[in-house]
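Novice: Quick mapping for you: the protein sequence lines, in order, are chains A and B. Residues in the first sequence are numbered consecutively from 64, following my numbering. Residues in the second sequence are numbered consecutively from 226, following my numbering.
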Amino acid sequence: KNEVEQSPQNLTAQEGEFITINCSYSVGISALHWLQQHPGGGIVSLFMLSSGKKKHGRLIATINIQEKHSSLHITASHPRDSAVYICAVYYGGATNKLIFGTGTLLAVQP
Amino acid sequence: KAGVTQTPRYLIKTRGQQVTLSCSPISGHRSVSWYQQTPGQGLQFLFEYFSETQRNKGNFPGRFSGRQFSNSRSEMNVSTLELGDSALYLCASSLGRLAGGETQYFGPGTRLLVL
Chain A
64 KNEVEQSPQN LTAQEGEFIT INCSYSVGIS ALHWLQQHPG GGIVSLFMLS
114 SGKKKHGRLI ATINIQEKHS SLHITASHPR DSAVYICAVY YGGATNKLIF
164 GTGTLLAVQP
Chain B
226 KAGVTQTPRY LIKTRGQQVT LSCSPISGHR SVSWYQQTPG QGLQFLFEYF
276 SETQRNKGNF PGRFSGRQFS NSRSEMNVST LELGDSALYL CASSLGRLAG
326 GETQYFGPGT RLLVL
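Put into structure tokens, the structure is as follows:
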């Protein structure tokens, strides 16, 4: 069964803290996406990964293909980082669809 | 470049009615995907259109359908609405197909309420 699991479901941090959000998937994938959703619904694509590591500003995303695991890190967190972070994996082949994790609700307090 | 636009932004319908939602992708993007988001189920994939053809479909009943026009604009239709269809419907566009791992650009969504 193609599943995506995220942890933690909820996370509260103090401004400046280093944050890690984890995503695990069940079988081989073609690509993994990290998305950010602010209150009100708007979704922004942060990263697309098929291997290795990507960095954009204070955000870093890594993927370990052998362990079927990805992490999203936020360095020097800020209250504006408060949002829901969603992992999504694209299963190719017969499945051929994008499957989403349940999301991690992050609140960064000043 | 203008972003992905969706119309209408809000919609109220009653059970049994049908609804059509519209999505205009970013200029030059050929793939449009549709998603449903509910508090209980989270985000779920509905279908992807590329070059006017449905390329893949999620686990939704046949009441959910769509199409894509030659200018890449897409519409999604839900017939015989049920209360459980109340959700935020999002579309996203990308240059190439989902299978290619393309970055998705999401629209603001259409919030549908079925009474």
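Glycine included, each C-beta is placed from N, C-alpha and C at the ideal position. Source: prediction; values computed, not measured.
Between B:Phe285, B:Gly287, B:Gln279, which lies nearest to leucine 323 (chain B) when the distance is taken from Cα to Cα?
Specialist: Sequence index remark: in the second sequence, residue 323 (chain B) carries index 98 (1-based). It is B:Gln279.
Novice: Measure the C-alpha to C-alpha separation of serine 295 (chain B) and leucine 109 (chain A) and round it to an integer number of angstroms.
Specialist: Here residue 295 (chain B) corresponds to residue number 70 of the second sequence, with the count starting at 1. Here residue 109 (chain A) corresponds to residue number 46 of the first sequence, with the count starting at 1. Whole-angstrom Cα-Cα distance: 29 Å.
Novice: Using 7 Å as the limit for Cβ to Cβ distance, is threonine 328 (chain B) near chain A?
Specialist: Residue 328 (chain B) sits at position 103 when you count from the first residue of the second sequence. For threonine 328 (chain B), the answer is yes, since a Cβ of chain A falls inside 7 Å of its Cβ.
Novice: Can you pull the chain B neighbours of tyrosine 153 (chain A), defined as C-beta to C-beta under 8 Å?
Specialist: Numbered from its first residue, the first sequence carries residue 153 (chain A) at position 90. The contacting residues are Leu323, Ala324, Gly326.
Novice: What does the alpha-carbon distance come out to for the pair leucine 271 (chain B) and histidine 119 (chain A)?
Specialist: As a working note, residue 271 (chain B) is residue 46 in the second sequence. As a working note, residue 119 (chain A) is residue 56 in the first sequence. Whole-angstrom Cα-Cα distance: 30 Å.
Novice: In whole angstroms, what separates the C-alpha of valine 90 (chain A) from that of glutamate 277 (chain B)?
Specialist: The residue given as residue 90 (chain A) occupies position 27 in the first sequence. The residue given as residue 277 (chain B) occupies position 52 in the second sequence. Rounded to whole angstroms, valine 90 (chain A) to glutamate 277 (chain B) spans 30 Å at the Cα level.
Novice: At least one CB of chain A closer than 7 Å to the CB of phenylalanine 275 (chain B): is that the case?
Specialist: Along the second sequence, read from residue 1 onward, the residue named residue 275 (chain B) stands at position 50. No, its Cβ sits nowhere closer than 7 Å to a Cβ of chain A.
Novice: Quick check on leucine 161 (chain A) - is its C-beta less than 7 Å from some C-beta in chain B?
Specialist: Sequence index remark: in the first sequence, residue 161 (chain A) carries index 98 (1-based). Yes, leucine 161 (chain A) counts as interfacial toward chain B.
Novice: Does the contact criterion of 3 or more C-beta pairs under 8 Å hold for the stretch 134–152 of chain A versus the stretch 162–170 of chain A?
Specialist: Contact between the stretch 134–152 of chain A and the stretch 162–170 of chain A is present, because at least three Cβ pairs lie under 8 Å.
Novice: Using alpha carbons as the reference points, say which of B:Tyr330, B:Leu337, B:Thr335, B:Leu340 lies closest to histidine 96 (chain A).
Specialist: The residue labelled residue 96 (chain A) in the question sits at position 33 within the first sequence. Out of B:Tyr330, B:Leu337, B:Thr335, B:Leu340, B:Tyr330 has the C-alpha closest to the C-alpha of histidine 96 (chain A).
Novice: With arginine 336 (chain B) as the anchor, note down where its beta strand (DSSP E) starts and where it stops.
Specialist: Stepping through the second sequence from its first residue, residue 336 (chain B) is reached at position 111. Run containing arginine 336 (chain B): 335–339, per the beta strand (DSSP E) assignment.
Novice: Would you list the residues sitting across from phenylalanine 289 (chain B) in a DSSP beta bridge?
Specialist: Numbered from its first residue, the second sequence carries residue 289 (chain B) at position 64. Answer by DSSP bridge pairing, in chain order: B:Val303.
Novice: How would you list, in chain order, the residues of chain B whose beta-carbon sits under 7 Å from the beta-carbon of glycine 166 (chain A)?
Specialist: Counted from its first residue, the first sequence places residue 166 (chain A) at position 103. The answer, in chain order, is Gly267.
Novice: Phenylalanine 270 (chain B) versus chain C: which residues are under 8 Å apart at the beta carbon?
Specialist: In summary, chain C is missing from the structure at hand, where the protein chains are A and B.
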